[in-house]
Amino acid sequence: MKKLFTIIFILSVSSALRAQENTTDLKTLINQSFVYFPEFKELGQALDVEQQRIELAKAAGLPSVEATGSYRYMNPVSEINLPLANQVVNFQIMPNNNYSTMVNASYALWDFGVVKAGVDRAKTGLQYAKDNLDYNRNQMAFQVSSIYYQIAYYKEAIAIQDSVINFLDANKKDTEVKFKNGDALKYDVLSIQSNIDQEGNRKIDLQNSLDKQYALMEYTTGSKVTLRSSDFVFPVENHKNTDEALENAQNSNPEFKLIKDKILQAEADLKVSRTNGKPSLTLNAGTGYANGYTPEIDQFRFNYSAGITLNIPIYAGGRARKQVRLSKSQVLQTRLSEETLNNTYRKDIQQALIDINSNKSSLVNAAQQIQEAKEAQKLAQSRYRNGIGTNLELTNASTNVQRAELTHLQYEYQLCIAQLAMARLTGVQYW
394 MKKLFTIIFI
404 LSVSSALRAQ
414 ENTTDLKTLI
424 NQSFVYFPEF
434 KELGQALDVE
444 QQRIELAKAA
454 GLPSVEATGS
464 YRYMNPVSEI
474 NLPLANQVVN
484 FQIMPNNNYS
494 TMVNASYALW
504 DFGVVKAGVD
514 RAKTGLQYAK
524 DNLDYNRNQM
534 AFQVSSIYYQ
544 IAYYKEAIAI
554 QDSVINFLDA
564 NKKDTEVKFK
574 NGDALKYDVL
584 SIQSNIDQEG
594 NRKIDLQNSL
604 DKQYALMEYT
614 TGSKVTLRSS
624 DFVFPVENHK
634 NTDEALENAQ
644 NSNPEFKLIK
654 DKILQAEADL
664 KVSRTNGKPS
674 LTLNAGTGYA
684 NGYTPEIDQF
694 RFNYSAGITL
704 NIPIYAGGRA
714 RKQVRLSKSQ
724 VLQTRLSEET
734 LNNTYRKDIQ
744 QALIDINSNK
754 SSLVNAAQQI
764 QEAKEAQKLA
774 QSRYRNGIGT
784 NLELTNASTN
794 VQRAELTHLQ
804 YEYQLCIAQL
814 AMARLTGVQY
824 W
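Using my numbering, the letters of the sequence shown map in sequence onto residues 394 to 824.
Pasting the structure below:
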């Protein structure tokens, strides 16, 4: 009795685990891929790198303090000859061995915006890294969604194949009965079996494609999943005209944000280039111990110094001017690439809208075809059982139903993928 309860418990747990696995929805899978896929860890680290670049750029405007220690031997050194008591005395005014320990500090009082330009440039890099993360999330969401709906497509196609095989199996049984009664030929039985084998091979091909999609889903999300839903209704309402969709893409699509970030980076580079060759005013101060002070030149003595340094670059081969000209060209190039992106997205949006409208219209006709094919199949099956119809007529009717259902399924899938593509183009976050 205990053994029976144990078996029942294990089966219940297994069923619960399978049910939990089946409830995995699209949003969960997409967000799971953001956590699992290694590229997102790299992109997250890029944010930290860019944040450190900002701190490094700010550090250029902070005071700098350094400690130095030095030793220098000099020979010969300056001497003074002094007459003293009817003799000449040599008086050394600097030592041969020179020692010095100092703590020096400097601070840029005025740099004509050099530090600020560097910080602003680093901030554009951080924004680019953030938008690049969003761009890769958008791409990954599209990839996971495509796999998700392909799985749904293959599962539904396999279900259609099962219904066809079941239909043919039932007809085979009827034909075998007729064959025993002398109302059918062995050829009819073999023909139906051949059709069953052919449909079985198609199911194997579909199952093979389904297994590959499950493997891809595991590659992107890091876990094995079994999807229960075969619903092709995309959860986002798409735009109905090109201009509206393009405007939303320009405002929300991460790729447009990236191109705007590149423009801001190029403009920030231009500002940095314009600060090259500018004067600087720096405060300097230092204190420490050194020898060389008369009258006891070998004795260590405390000393300090303070001052202001004005640095005015006069000529550097025209590098600053050439750098500014190069930066202006890069700004123009980046703005032209934005126009190219606009043109490309307009084309892609138009094609997605055409696919959406075309597949919606085709679905209406396909649904009608399924209904008509099923009615014809019922008539053919009734005629065959009553000895009026032929096996060929029944097989053709079954094939027509299969084709109509697969066509309808294909239009559903194509409509869903077109809506998914539109969501990716317009930057909709459906996860």
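Beta carbons are placed, not taken as given, at the ideal position from N, Cα and C, and that holds for glycine.
Opening and closing residue of the beta strand (DSSP E) in which residue i lies
i	result
Pro476	472-476
Gln485	481-485
Thr668	Run containing Thr668: none in the beta strand (DSSP E); it sits in the alpha helix (DSSP H), 647-668.
Ile701	694-704
Opening and closing residue of the alpha helix (DSSP H) in which residue i lies
i	result
Glu459	From DSSP, Glu459 is part of no alpha helix (DSSP H) but of the beta strand (DSSP E) over 457-466.
Gly593	579-614
Ala453	Ala453 -> no alpha helix (DSSP H), and no H or E assigned at all.
Leu422	419-429
Local conformation of residue i per DSSP, three classes
i	result
Leu818	helix
Gly782	coil
Ala745	helix
Ile544	helix
Tyr500	strand
Thr675	strand
Asn490	strand
Phe505	coil
Lys715	helix
Leu620	coil
Thr792	helix
Asp576	coil
Tyr806	helix
Lys571	helix
Asp691	coil
Gly710	coil
Asn634	coil
Tyr686	coil
Tyr521	helix
Cβ-Cβ distance between residue i and residue j below 7 Å
i	j	result
Ile656	Thr737	no
Ala515	Arg446	yes
Leu663	Ser616	no
Gly782	Ala773	yes
Phe693	Tyr682	yes
Glu798	Ile553	yes
Asp654	Gln520	yes
Arg667	Val717	yes
Thr819	Ala642	yes
Val507	Leu422	no
Ala522	Glu443	yes
Thr800	Ala760	no
Ile652	Glu732	no
Leu676	Ile705	no
Sheet register partners of residue i (DSSP bridge)
i	result
Met495	Thr461, Gly681
Ala811	Ala811 is not bridged to any residue.
Alpha carbon of residue i to alpha carbon of residue j, nearest angstrom
i	j	result
Asp527	Arg817	12 Å
Val665	Val724	13 Å
Ala577	Leu746	53 Å
Pro469	Asn491	13 Å
Leu785	Leu561	12 Å
Glu765	Gln438	59 Å
Thr416	Met815	Below a pLDDT of 50, predicted positions are generally treated as unreliable, and Thr416, at 45, falls in that range; the measurement from the model is reported next regardless. So the two alpha carbons sit approximately 26 Å from each other.
Ala450	Phe649	27 Å
Gln762	Leu599	23 Å
Tyr546	Glu569	34 Å
Ala534	Tyr542	12 Å
Gln425	Ala811	24 Å
Met805	Asp555	As written in the sequence, residue 805 is Glu, which differs from the Met given in the question. Cα to Cα, Glu805 sits roughly 19 Å from Asp555.
Ala386	Gly593	For the chain, the structure presents residues 394 to 824; residue 386 sits outside this window and is missing.
Ser471	Ala678	28 Å
Arg530	Gln822	9 Å
Leu756	Leu802	9 Å
Asp385	Pro647	Not covered by the structure: residue 385. The range shown for the chain is 394 to 824.
Thr792	Ala769	11 Å
Arg743	Ala510	Reading off the sequence, residue 743 comes out as Gln, not Arg. Straight-line Cα distance between these residues: approximately 41 Å.
Asn483	Ala498	39 Å
Ala790	Ile540	33 Å
Ser673	Trp503	6 Å
Lys565	Ser775	14 Å
Ser751	Gln606	27 Å
CB contact below 7 Å: residue i versus chain B
i	result
Gln744	This model lacks chain B altogether, as it is built from one protein chain only.
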